[in-house]
Amino acid sequence: MHKTHALFPFSLLTICYGVVGVLVVAYIGLIAVVMSSAVLTVEFSQSIKNDVAAVALLEGQYLANVAHITRANVAALGYTKPLIKTFVRAESVTALR
Amino acid sequence: MRAQFRSRLRLVLAFVFFVAICILVRLYFIQIVHGQEYSQKADRQFASGGSGLFDRGAIYFTRKDGTLISAATLATGFLVAINPQILADPEAAYTALQTVVPDSISRDAFLAAAAKKGQVYIEVVHRLSDADGQMLTAKNIRGVQVLRERWRQYPGGSLASQSIGIVSYGSGDTLGGRTGLERFYEGTLERSGDSLYKNFFAELFSNVGNLLVAAKDAREGDIVTTIEPEVQTRLQDDVAKVHKKYSSKESGGIIMDPATGAIIAIANYPSYDANDLQSVDPNVLGNPLVEHVHEFGSIMKPLTMTAGLDAGVITPTTTYNDTGCITVNTARICNWDLKARGVIPMKQIIVQSLNVGAAWVATELGQEKFRAYFTKLFGVKTGIDLPNEGGALLSNLMKPQQIGYDTAAYGQGIAVTPIQMIRALGAIANGGMMVQPHLASSVRLNSGITRTLAWGETTPVFSSAAARDTTTMMTAVVDEKLQNGKAMIPTMSVAAKTGTAQLTDGRGGYATDRFLHSFTGFFPSYNPRFIILLYTNDPQGVTYASDTLSSSFLDLVHFLIDYYAVPPDRGLPLETATTTPI
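Protein chains in written order, with numbering that gives the first Met the number 0: chain L, 0 to 96; chain A, 0 to 581.
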């Protein structure tokens, strides 16, 4: 102890107090960070799930519309079959411009 | 004084250290040794919290342009729970609930739940929307809890529901995939390890590996299927129309890419809405297209023909004398119209669907070779990624009586699943190679990596020349025979075959007035992009498949040509346009 005191301007005990103090602050800080991180993670996760659910709602509407169009009786809607069908070779995108 | 202070300080430090050790040991016993016991104790007090929020991977359809559309996903909302011990005025609580979500629960049921004073947590209403949940929360009713809830949602409802599957409670208290892809890919779709009672201390002792390496991220993910939602809708609609029109017992259809085995649409009727399982008949929860076997009838003839051509016992120009009926092992085999055709070439066996001709090819092939071909085609399950796949019934081919082989040649006496049938017919479309049918194309892992599933295994069955010769015969069915040649598409070759099989009467024989109708076809004939299989079981008031399924098949062909813009493969000179009367 005597030798240590000679090497450092502070006693070993004082250094220990300092280290303990820093560790306690760091520990409390870590707890705060972990808690905040957990809260944010849960919030972000829920936010993503909410968005997924909202997208699923739109997808449901899209699929319902597809089903509605598929089941539509085009004849009852006033459409008639074309008299002739003309097949042509598809032009390139550039040529169509 | 200083020494005395130091010794006191050491004493205090030793005490603090001792208390810390005691706490550590106590925590170890509470969380590790008796953790399960405390967890169950907590569950008994708070039933909801024990299970946490439901989480599960998604299943996607894939549109033709590659866009993913959810087939199975998660919906979020709220549930309402009551604590009967502190719910002072159940009548007022019920009235408040009714103003937000009318008819969510009957008054009697709510009051009965509120009367259970021995309990502290009873869930009374589920699946409230966000808006309703927040409105009810704002009312701040004492004894009423509004909690976040998630559940499985199927945006397509009944779209491919028997293949997508369902999630439900099994024998235990865990939600899991029970049928379809939900069950087959349970390991990928389930989400685990997010227990309410997990904490860093417990993880440090019991599960340090998972803290360092996120192993579940390499396993958990979403499933991307090959099902195209618009084609699926069209197929379902066509299958349902046939089923209802002819009051059939069961109807189904599959559309597959013959080159890869990717299933683009797979439908069965009757089906169910996966979002409304309350009123579902449990018998329709499975997938008959992979679980049930049928005698498919004449759509088996192209396979018999290709086997004969491949073995070299016949060529397309070989002729035989069709007598209309023959007797084999005391049993009588006849053509569908009982008429004799005289000496005719092989093509007519397919075009006119002649049972006597198919039996003749089987006889030419010999029992051993016939058995070898059909065992290769149907002897093993396809390995499709759906649970409970059924196997073919080929016992007639293990007996020495020729009648078993002759009837099998035109699709009677052996029974196979629809998925086996389309896989085998796909070999004709795919130059003699059988592919592995599948529904999932890739897995999107939580780690961000998309893992493409390998379905490249192929089984050579026929030579490409034999497959091509049969394709030519099947193309003639559409061009010359179907709807008296009116079904022909001038700019697109389509190969097809109808099948009408007698149903068993349950007494070891066959009913004379009950049939299974089937229809198969692929196009463009010589470089097919799609193969279609349709069937309807026991349609009423109609005998032949050409009457029940032709229009559905042609509707699907025209739809697919338009939807995928399949380029013409014939009848269109290089520089000119072709005009076709409708």
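Think of the CB as a built atom: it goes at the ideal place given N, C-alpha and C, for glycine as much as any other residue.
Here the structure is a predicted model, which means the values were calculated and not measured.
| field | Best match in A:Gly176, A:Gln161, A:Asp568 for proximity to serine 270 (chain A) [C-alpha to C-alpha] | value | A:Gln161
| Taking the C-alpha atoms as reference points, what is the distance between serine 551 (chain A) and methionine 487 (chain A)? | 15 Å
| field | Under the three-state DSSP convention, the category lysine 84 (chain L) falls into | value | strand
| query | Within the 8 Å Cβ cut-off, does glycine 117 (chain A) reach chain L? | reply | no
| Candidates A:Trp335, A:Val32, A:Val223: closest to alanine 544 (chain A) by CA position | A:Trp335
| request: Could you name the residues of chain L that leucine 158 (chain A) contacts, counting a contact when the two beta carbons are closer than 7 Å? | output: Leu62
| query | Any idea what DSSP makes of valine 279 (chain A), helix, strand or coil? | reply | coil
| field | chain L contact residues for arginine 149 (chain A), given Cβ-Cβ distances below 7 Å | value | Lys48
| Assigned exposure category for asparagine 395 (chain A) - 16 Cβ within 10 Å defines buried | buried
| query | Using a Cβ cut-off of 7 Å, which residues of the segment 62-84 of chain L contact any Cβ in chain A, in chain order? | reply | Leu62, Val65, Ala66, Thr69, Arg70, Lys80, Pro81, Leu82, Ile83, Lys84
| message | Looking at chain A, is there any beta carbon in it that lies within less than 8 Å of the beta carbon of alanine 31 (chain L)? | response | no
| request: Under 7 Å between beta-carbons, which chain L residues line up against aspartate 236 (chain A)? List them in chain order, please. | output: Thr69, Arg70
| field | Inter-residue spacing [alpha-carbon to alpha-carbon] between arginine 126 (chain A) and asparagine 282 (chain A) | value | 27 Å
| message | Is valine 11 (chain A) close to chain L? Criterion is C-beta to C-beta, closer than 8 Å. | response | no
| message | Rounded to the nearest angstrom, what separates glycine 378 (chain A) and glycine 390 (chain A) at their Cα positions? | response | 8 Å
| message | Can you check which of these residues, A:Gln235, A:Gln152, A:Lys215, A:Glu249, is closest to serine 191 (chain A) by C-alpha distance? | response | A:Lys215
| request: Let me know the secondary structure DSSP gives isoleucine 418 (chain A) once reduced to three states. | output: helix
| field | Proximity to isoleucine 333 (chain A) [Cα-Cα], best of A:Pro436, A:Gln411, A:Leu234 | value | According to the sequence provided, residue 333 (chain A) is cysteine. The question's isoleucine does not apply to it. Answer by Cα proximity: A:Gln411.
| What do you reckon, are the CB atoms on leucine 533 (chain A) and leucine 548 (chain A) nearer than 8 Å? | yes
| query | Going along the chain, which unbroken runs of the beta strand (DSSP E) with 3 or more residues stay wholly within the segment 311-390 of chain A? | reply | 318-321, 324-327, 330-333, 341-344
| field | threonine 178 (chain A) versus proline 83 (chain A): straight-line alpha-carbon distance, rounded | value | 37 Å
| query | Using the beta-carbon of each residue, which ones in chain A are nearer than 7 Å to valine 21 (chain L)? | reply | Going along chain A, no residue has its Cβ under 7 Å from valine 21 (chain L), so there is no contact; the nearest lies around 17 Å.
| said: Taking its Cβ as the centre, do 16 or more other Cβ atoms sit within 10 Å of aspartate 321 (chain A), making it buried, or is it exposed? | reply: buried
| query | When the Cα atoms are used, what is the spatial distance from alanine 80 (chain A) to valine 124 (chain A)? | reply | 7 Å
| said: What residue range does the alpha helix (DSSP H) around tyrosine 61 (chain L) cover? | reply: 11-70
| said: Cutting at 6 Å between CB atoms, please list the residues of its own chain near serine 103 (chain A), excluding the five before and the five after it. | reply: Val124
| Applying the criterion that 16 or more other CB atoms from any shown protein chain within 10 Å of the CB defines a buried residue, is phenylalanine 4 (chain A) buried or exposed? | exposed
| field | Beta-carbon spacing of glycine 142 (chain A), isoleucine 85 (chain A) below 8 Å | value | yes
| message | So if DSSP puts serine 517 (chain A) in a beta bridge, which residue, or which two residues, is it bridged to? | response | A:Gly498, A:Tyr534
| said: With distance defined between alpha-carbon atoms, name the residue in A:Glu456, A:Phe518, A:Thr318, A:Val556 nearest to alanine 258 (chain A). | reply: A:Glu456
| query | When the Cα of lysine 243 (chain A) is compared with those of A:Thr535, A:Tyr563, A:Leu571, A:Ala564, which residue comes out closest? | reply | A:Thr535
| Within chain A, the residues that valine 51 (chain L) reaches when beta carbons sit closer than 7 Å | Thr72, Leu73
| message | Taking 8 Å as the limit between beta carbons, can you name the residues of its chain near lysine 116 (chain A), skipping five residues before and five after? | response | Pro83, Gln84
| field | Min CB distance glycine 17 (chain L) to chain C below 8 Å | value | Looking at the structure shown, chain C is missing, and the protein chains on hand are L and A.
| Beta-carbon separation of proline 386 (chain A) and methionine 345 (chain A) under 8 Å? | no
| field | Between the CA atoms of glutamine 347 (chain A) and glycine 323 (chain A) - distance to the nearest angstrom | value | 13 Å
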